[in-house]
Amino acid sequence: MLIFYIVLSIILATSTLLVIFHFNRKRKLKTHNYVAPHGDLSGHLIITSFIFILVGGLAFLFQFQFISFVLFGIGSILSMVGGAGKYEKK
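For what it's worth, our numbering labels the leading residue of the sequence shown as 178, then goes sequentially.
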C-alpha cells in the first residue's frame with residue numbers, strides 16, 4: 178500500500194509537468210503569440226503548484242487526508258492560474 182501511494186503521488190506530479198510542457202510547446206508556435214496572464218510569474222506559479230501536488234501526495238501517504246486534499250486543491254488552482262493564457266494572432 179505504501180508503494181501505491183508513492184507511485185500515485187509521482188504520477189500526479191508528473192502529469193502536471195506534462196501538461197505544463199504541452200503548453201510550453203504550444204507557446205513556440207510561429208503563427209500564434211502566446212500571452213501569459215502574469216508574465217514571468219506564471220512559471221513560478223506552475224512550479225509552486227508542482228511542489229504543492231507533490232507534498233500533497235506525500236501527506237496522503239502518511240494518512241493526512243484532509244491536508245493532502247487541501248494541498249491538491251491549492252496546487253491545481255495554482256497550475257490553472259499559471260497556465261491559463263491566451264493566443265493572439267500575429
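The beta carbon of each residue, even a glycine, is placed where N, CA and C say it ideally should be. Keep in mind that this is a model prediction, so the values were computed, not measured.
Residues of its chain near residue i, where Cβ-Cβ distance is below 6 Å and the 5 sequence neighbours each way are ignored
| i | result |
| --- | --- |
| valine 232 | Leu248 |
| serine 245 | Gly233, Ala236 and Phe237 |
Beta carbon of residue i nearer than 9 Å to that of residue j
| i | j | result |
| --- | --- | --- |
| threonine 225 | glycine 252 | yes |
| serine 186 | isoleucine 230 | yes |
Burial state of residue i, where buried means 16 or more other Cβ atoms lie within 10 Å
| i | result |
| --- | --- |
| serine 192 | exposed |
| phenylalanine 243 | exposed |
| threonine 208 | A caution first: threonine 208 carries a pLDDT of 46, below 50, which makes its placement in the model unreliable, though a value can still be read off. Its Cβ having fewer than 16 others within 10 Å, threonine 208 is exposed. |
| valine 184 | exposed |
Cβ-based neighbour list, residue i, same chain, cut-off 7 Å, excluding 5 preceding and 5 following
| i | result |
| --- | --- |
| leucine 235 | Ser186 |
| valine 258 | Leu222 |
8 Å CB neighbourhood of residue i in its chain, flanking five on each side removed
| i | result |
| --- | --- |
| isoleucine 180 | none |
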